[in-house]
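Numbering (numbering that gives the first Met the number 0), first residue to last: 0 to 327. Accompanying notes for the structure given below.
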Amino acid sequence: MKAVVFKNKKISVTDVPMPVPSENEALVKIHLAGICATDVELLKGYHDFAGIPGHEFIGIVHCAPDQPGLEGRRIVADINCGCGVCDICLTGDQRHCANRGVIGIRARNGAFAEYCNIPLSNLYVVPDSIEDESAVFAEPLAAALEIVRQVHVTERSRVAVLGDGKMGLLCALVLQQFAPNTVLIGHHPDKLSIAGEQGVRTIFRSKNETDQNLAVHVKDFELVVEASGCANGINEAICMVRPEGTVVIKTTSFEKSVIDFSAVVVNELNLIGSRCGDIAQALDFMEKKMIDFCPMIEAVYSLGDFEKAFAHAGRKGSLKILIGNKNE
Ligand SMILES: [Zn+2]
Ligand SMILES: [Zn+2]
Numbered sequence: 000m001k002a003v004v005f006k007n008k009k010i011s012v013t014d015v016p017m018p019v020p021s022e023n024e025a026l027v028k029i030h031l032a033g034i035c036a037t038d039v040e041l042l043k044g045y046h047d048f049a050g051i052p053g054h055e056f057i058g059i060v061h062c063a064p065d066q067p068g069l070e071g072r073r074i075v076a077d078i079n080c081g082c083g084v085c086d087i088c089l090t091g092d093q094r095h096c097a098n099r100g101v102i103g104i105r106a107r108n109g110a111f112a113e114y115c116n117i118p119l120s121n122l123y124v125v126p127d128s129i130e131d132e133s134a135v136f137a138e139p140l141a142a143a144l145e146i147v148r149q150v151h152v153t154e155r156s157r158v159a160v161l162g163d164g165k166m167g168l169l170c171a172l173v174l175q176q177f178a179p180n181t182v183l184i185g186h187h188p189d190k191l192s193i194a195g196e197q198g199v200r201t202i203f204r205s206k207n208e209t210d211q212n213l214a215v216h217v218k219d220f221e222l223v224v225e226a227s228g229c230a231n232g233i234n235e236a237i238c239m240v241r242p243e244g245t246v247v248i249k250t251t252s253f254e255k256s257v258i259d260f261s262a263v264v265v266n267e268l269n270l271i272g273s274r275c276g277d278i279a280q281a282l283d284f285m286e287k288k289m290i291d292f293c294p295m296i297e298a299v300y301s302l303g304d305f306e307k308a309f310a311h312a313g314r315k316g317s318l319k320i321l322i323g324n325k326n327e
């Protein structure tokens, strides 16, 4: 089968052997897969990943010898594959298993390929009412919804999302459903307008504005979600949150952050890291059609054109780039 392989900071699109599902795994034919900022970081060397990347996807179960009833069903997946036997896995949350594989990110091949093996317990059948172009956002949507599982957000909460990239947009659109006063702050008028058209309050900030200026204009939020994608975003977020407030950190960058902890100590701030969420909850949320995902899709490329697609996804200001595989 055709697949994208990352190795030694290089991309190749090549023929690889067709994966064979192990016990309790399904072989999934990938329909659509999204390129995420994490993929860009993986190629730079994040996690020392070598193999087939791709962790945002929708596909159809091609064969599932241990659960044939799933064959032909449209699915999305939880990307964390725990060992199944450690204390953490036995509590039912494999996201933090020390020996986990993560589809397309850590020790497991991903979805930038014609087919991908996925453990049966990670699969979620997609309701018919959700089209592929929305369902492909299930993984990042679950990650955005994770915030409201970690922090108590109410109608009165003053919430800001820092960064109008792909994750920032999703976080703002989700948080707005819980805290109508949510503000999205970013550098790109066109991206801000995508959230603005769906009712999110937005603030444009020029790139030349200093952190101090930012603190004067936008401050005293109870919750700031740092989704800037930049190593220094955390320091901006710390300037924007009120004493005893919370910063939720979404950025994962290969470049290390240098944090001024004195403000965290003096203002008694809570810093919370936030990664993957619950796919079932994301599908529920999608069924309610509260977010229009279409304006977030910038282009769809074929698997064979992956390098072009990846270059496009790496351009500053690009929205979601998808790899379509349905008709190949
Ligand atoms: Zn991602
Ligand atoms: Zn485990």
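C-beta atoms are modelled at their ideal positions from N, C-alpha and C, and glycine is treated no differently.
- Per DSSP, D163 is not a residue of any beta strand (DSSP E), being assigned neither H nor E.
- Between the stretch 110 to 121 and the stretch 249 to 266, the count of Cβ pairs shorter than 8 Å is below three; the stretches do not touch.
- In the structure shown, T13 falls within a strand segment according to DSSP collapsed to helix, strand and coil.
- Going by C-alpha positions, K43 is about 35 Å away from V152.
- Rounded to whole angstroms, the gap between the alpha carbons of I104 and K288 is 29 Å.
- For S133, the enclosing alpha helix (DSSP H) starts and ends at 131 to 134.
- In this structure, DSSP gives V75 an extended state, which the three-state scheme calls strand.
- In the DSSP annotation of this structure, the continuous segment of the alpha helix (DSSP H) that includes C238 starts and ends at 232 to 239.
- Given a length threshold of 3 residues, each whole run of the beta strand (DSSP E) inside the stretch 88 to 155 is given here in chain order: 114 to 118, 122 to 124.
- If the five residues before and after I34 are omitted, its C-beta is found closer than 6 Å to the C-beta atoms of A312, I320, all from its own chain and listed in chain order.
- Contact between V75 and A134 holds, with the beta-carbon distance rounding to 6 Å and staying under 8 Å.
- In this chain, the alpha helix (DSSP H) harbouring G195 covers 188 to 195.
- Under the three-state reduction of DSSP, S301 is assigned to strand.
- DSSP, read as helix, strand or coil, puts H54 in coil.
- With a beta-carbon spacing of about 5 Å, L222 and T245 fall inside the 8 Å limit used to define contacts.
- DSSP places E24 in the strand class (E or B) of the three-state scheme.
- The C-alpha of R241 lies about 9 Å from the C-alpha of E267.
- T201 is the residue among T201, G50, I57 whose C-alpha sits nearest the C-alpha of G167.
- Taking each of I129, L41, D77, P139 in turn and checking the Cα distance to Y123, the smallest one comes out for D77.
- L318 is a Cβ neighbour of K190, given a cutoff of 8 Å.
- Close CB contacts of P52 within its chain, under the 7 Å cut and outside five residues either way in sequence, are with V3, F5, D38, L41, G103, G109, F111 (chain order).
- Ligand 1 has a heavy atom closer than 7 Å to the beta-carbon of T37.
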